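Okay, structure first, notes after.
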Amino acid sequence: MVDLRSDTLTMPNYPMLETILTARLGDDGRTDAKGRGEDPTINRLEDMAAALVGKEAAILMPTGTFGNTIAVMTHCHAGQTVLVDEEQHMLLTEKFAFEQDLGRLTPVCYHQDSRHMPDPDELDKLCLLYTSDAADEEDSVDLGGRRIN
Ligand SMILES: Cc1ncc(COP(=O)(O)O)c(C=O)c1O
């Protein structure tokens, strides 16, 4: 497993810092007709990430909060409901998607058992009532974050 929570779990070592200091930089994004978007390091990182997971393309999300918020806002519109577990990072810590002056989504919480797994029957019921989206961040957060199959 690749744990990408480096901001809180690890600090960059010297070779990593040296790589950061000497990386070729440019404007983020892909090159357009005006020649902007030429950051070769970001382009390479995105290409590597896409190849790693077998996707056509990838986009760098500078933070986990950024990625989670964009993921859920891509699927939902303001005013819709999102199923989240009651201890989920987006709900307890990030909040942007659920703030009334920002994402304006409404969280609907499902419960977890002692292994941090949801009850499929409860999910079925909640999905029938609220059909907008379900946010499940698959990660190794202290509380669980295992994939729901
Ligand atoms: C489970 C989980 N999700 C999301 C985040 C947010 O990541 P970031 O601090 O990069 O916004 C964290 C941060 O520690 C996290 O532990």
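Note that the working numbering has the sequence shown beginning at 9, numbered continuously upward.
Backbone N, C-alpha and C define an ideal beta-carbon position, used for all residues, glycine too.
Just so you know, these numbers come straight off a predicted model, no measurement behind them.
Run the proximity test for E72: is its beta-carbon closer than 7 Å to any non-hydrogen atom belonging to ligand 1?
Mapped onto the sequence shown, residue 72 falls at position 64. Looking at the sequence provided, one finds Gly at residue 72 rather than Glu. Yes, ligand 1 has a heavy atom inside 7 Å of this Cβ.
Taking only heavy atoms of ligand 1 into account, decide whether any of them is closer than 7 Å to the Cβ of N76.
Locating residue 76 in the sequence shown gives position 68, where the first residue counts as 1. N76 Cβ: within cutoff of ligand 1.
With a threshold of 6 Å on Cβ separation, who are the neighbours of T77 within its own chain once the five nearest residues in sequence on each side are excluded?
Along the sequence shown, read from residue 1 onward, the residue named residue 77 stands at position 69. For T77, where only same-chain residues beyond five positions count, the Cβ hits under 6 Å are F104, A105.
For M24, count the other beta carbons within 10 Å of its own beta carbon; 16 or more makes it buried, fewer makes it exposed. Which is it?
Taking the first residue of the sequence shown as 1, we reach residue 24 at position 16. The residue is exposed, with fewer than 16 neighbouring Cβ atoms inside 10 Å.
Would you tell me roughly how many angstroms separate the C-alpha atoms of D129 and L17, rounded to the nearest one?
The residue given as residue 129 occupies position 121 in the sequence shown. The residue given as residue 17 occupies position 9 in the sequence shown. If I take the Cα positions, the gap works out to 35 Å.
Where does C84 sit, in a helix, a strand or coil, going by DSSP?
Residue 84 sits at position 76 when you count from the first residue of the sequence shown. Note: C84 maps to coil in three-state DSSP.
Report the partner residues of T30 according to the DSSP bridge assignment.
Position 22 of the sequence shown holds residue 30. Answer by DSSP bridge pairing: none, since T30 is not bridged.
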